[in-house]
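In this note's numbering, the protein residues as written are 1 to 109.
Note that CB positions come from ideal geometry on N, CA and C, so glycine has one too.
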Amino acid sequence: GRVREGRKLIGYGMAAAIRPNYIGAATARVAIDRDARVTARLDMTDIGTGSYTILTQIAAESLGLPISSIKVELGDSRFPRTAGSGGSWGAASAGSALHNACNALKERI
1 GRVREGRKLI
11 GYGMAAAIRP
21 NYIGAATARV
31 AIDRDARVTA
41 RLDMTDIGTG
51 SYTILTQIAA
61 ESLGLPISSI
71 KVELGDSRFP
81 RTAGSGGSWG
91 AASAGSALHN
101 ACNALKERI
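See below:
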């Protein structure tokens, strides 16, 4: 589109892009206590891309629990292995593993 401002034409537009997001091998461990507080453990680190936030949201949504009942622990080599960090790639890999772990937990309780 365009807009006229005096003798000038001002252009405006919008763009969108889609790119593939690869998922690497990843695992997660999820535990729930008697008070329905959940702890999720993964060895990835948060490099400022919001890993704690997205993983907390995934666990809460997957388990049908409030975000306040979820604790995510990251960055310990004793935790289940993930594909690592790296923006949407890390979130997709670790997030999928966490979702699967939450589903497995739901089947057991």
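Return the chain-ordered list of same chain residues with a C-beta closer than 8 Å to the C-beta of residue i, the five sequence neighbours on each side being excluded.
i: R81; result: A25, A26, T27 and D43
i: D46; result: Y52, L74, G75 and S85
i: L65; result: A36, V38 and A59
DSSP puts residue i in a beta bridge; with which residues?
i: E5; result: K8
i: R29; result: R41
i: K105; result: Contrary to the premise, residue 105 reads as Leu rather than Lys in this sequence. Per DSSP, none; premise fails for L105.
i: L74; result: L42
Short of 6 Å in beta carbon distance, which residues of its chain neighbour residue i, apart from the five on each side in sequence? Order them along the chain.
i: I32; result: V38
i: V72; result: A40, Y52, L55 and T56
i: A92; result: N21 and I23
Buried or exposed, going by whether 16 or more other CB atoms sit within 10 Å of the CB of residue i?
i: A97; result: buried
i: R19; result: exposed
i: A83; result: buried
i: I95; result: Note that residue 95 corresponds to Gly in the displayed sequence, not to Ile. Counting Cβ neighbours within 10 Å, G95 comes out buried, since at least 16 surround it.
i: I58; result: buried
From residue i to residue j, what does the alpha carbon distance come to, in whole angstroms?
i: F79; j: A17; result: 35 Å
i: L105; j: S88; result: 25 Å
i: I23; j: R7; result: 51 Å
i: N100; j: V30; result: 10 Å
>> Report the start-end ranges of each beta strand (DSSP E) in the stretch 34 to 72 that is 3 residues or longer and not cut off at the edges.
In response: Correct list: 38 to 42.
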